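First up is the structure itself, then whatever we jot down about it.
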Ligand SMILES: [Zn+2]
């Protein structure tokens with residue numbers, strides 16, 4: 009046993025010395041004061057950029073923020089030059105443990121073929137690419153492998169929190185909850201009983217209010233920070249229609265009540281208008297996608313304070329890579345894509361709360377920031393788009409006390425992008441500096457090591 013190994017006196021001395029050295033170096037880092045300087049600063053709150061921005065970081069916390077601040081004695085100065093400092097970006101809709109960005113049938117086969125431990129090892133790369141791109145927090149909305157009961161998202165979150173893996177702070181949803189035959193049914197599209205059983209609440213599949221409550225309790229028991237459910241059909245599932253309702257109002261009421269009693273927020277996958285109306289009425293915290301929502305439904309969201317997470321990147325990617333998908337999915341993708349631009353413009357006009365979320369995994373991890381340009385192209389002001397990915401996401405995730413703005417006392421999650429995002433929003437895609445909780449994760453432009461390795465999206469060239 010390992011205890012015997014460590015019980016030898018000489019080894020114990022060596023171990024004690026190296027542990028002491030480690031402790032001293034982490035204490036030194038914790039006390040270090042760093043002054044970040046850049047030509048501009050976005051603090052997450054104000055309607056303009058500050059000029060000559062300075063952020064003073066002490067340990068893991070922001071000690072001061074402002075324009076032309078004096079540099080404290082002994083501080084390490086990092087001058088980022090013609091760049092814009094910003095709170096670390098957040099993505100309220102990722103799937104870091106999955107990757108569906110290639111040929112759909114190949115990826116489905118791979119999901120069955122690879123063992124879940126190997127999928128988990130791959131997920132550590134996805135986490136790395138995401139934080140290197142400037143996303144210091146993600147809400148990870150669903151992680152499942154057909155016929156597996158592993159909680160890979162929980163393991164990844166915990167490993168990041170323990171500094172074993174480099175990645176963003178994660179709030180995870182585990183399996184996601186849905187109806188038999190619905191968007192989340194992992195056996196949707198496979199021959200009946202191919203896996204020897206019907207999926208049940210341990211897979212997130214539940215029918216009726218009592219079973220929904222059981223599924224929520226099971227997910228919270230296993231580490232869920234947030235509850236995700238599919239209340240309407242989806243694009244990347246084989247047999248359901250994209251906009252039909254998949255939970256009843258009574259099931260949604262149970263979902264929201266049980267989650268909120270356990271102090272967990274509820275995010276629902278929803279394309280269809282009827283399902284959205286019923287989910288908003290039930291009191292969900294955010295509607296994910298929302299492609300077919302009508303203006304009256306958006307107005308109801310405004311009254312209730314429900315967030316919309318538009319995930320424009322997901323349909324943009326699918327439309328640009330149509331040949332990668334089976335015909336049935338192509339038809340669903342086109343319908344959702346054609347509806348979502350008008351829905352997004354209406355959402356802006358009506359003034360509902362918009363959170364930044366991409367559905368990363370539908371496209372290669374690390375390309376999350378391409379969502380900013382899609383939002384701005386549909387009429388959102390650049391600073392509002394940046395707010396959605398910082399202060400608004402922090403509010404939706406329930407972590408605004410700690411992160412989301414550059415303010416004294418908050419955790420030092422700070423990034424910098426070259427140039428001025430109000431002049432060119434695509435500078436968000438070239439983040440040059442990343443700090444998470446006072447630790448520098450990246451400084452300097454992307455290298456082959458740090459850049460997302462998969463092929464780029466060809467935005468603006470959808471097939472018909
Ligand atoms: Zn998703």
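In this note's numbering, the protein residues as written are 9 to 472.
Heads up, the beta-carbon is just placed ideally off N, CA and C, and yes, glycines get one too.
Predicted, not measured: the structure shown is a model, and the values here were computed from it.
- Taking every protein chain shown into account, the CB of residue 91 has 16 or more other CB atoms within 10 angstroms, so this residue is buried.
- The segment 324-338 makes no contact with the segment 269-281; the number of CB pairs closer than 8 angstroms stays below 3.
- The alpha-carbon separation between residue 270 and residue 70 amounts to approximately 31 angstroms.
- When rounded, the separation of the alpha-carbon atoms in residue 308 and residue 294 is 13 angstroms.
- For the set 76, 46, 52, the Cα lying nearest the Cα of residue 399 is the one of 52.
- In the structure shown, residue 136 adopts helical secondary structure according to DSSP, grouped into three states.
- The residue from 168, 75, 357, 40 with its alpha-carbon nearest to that of residue 302 is 357.
- Here residue 363 carries a coil assignment [DSSP, helix/strand/coil].
- The segment 80-156 contains, as complete alpha helix (DSSP H) runs of 4+ residues, the segments 112-121, 124-140 (chain order).
- If you draw a straight line from the Cα of residue 163 to the Cα of residue 241, it is about 28 angstroms long.
- Spatial neighbours of residue 253 in its own chain (CB-CB distance under 8 angstroms, excluding positions within 5 residues in sequence) are listed in chain order as 239, 240, 280, 282, 283, 286.
- Collapsing the DSSP output to three states places residue 59 in a strand.
- For the set 373, 453, 224, 221, the Cα lying nearest the Cα of residue 110 is the one of 373.
- In the three-state DSSP reduction, residue 315 falls in the strand class (E or B).
- Annotated three-state conformation of residue 195 is coil, per DSSP.
- Taking a C-beta distance under 9 angstroms as the contact criterion, residue 324 and residue 99 do not qualify as a contact pair.
- Here the alpha carbons of residue 319 and residue 360 stand approximately 15 angstroms from one another.
- Distances taken from the Cβ of residue 239 to the heavy atoms of ligand 1 include none shorter than 8 angstroms.
- Under a 10 Å Cβ-count criterion, residue 95 is classified as buried, with 16 or more other Cβ atoms of the shown protein chains found around its own Cβ.
- In the same chain as residue 288, and ignoring 5 residues on each side of it, the C-beta atoms closer than 6 angstroms to its own belong to 308, 309, 312, 314, in chain order.
- Assignment of beta strand (DSSP E) within the segment 263-305, counting only whole runs of 3 or more residues, yields 273-278, 294-297 in chain order.
- Annotation for residue 406 indicates a beta carbon at 8 angstroms or more from all heavy atoms of ligand 1.
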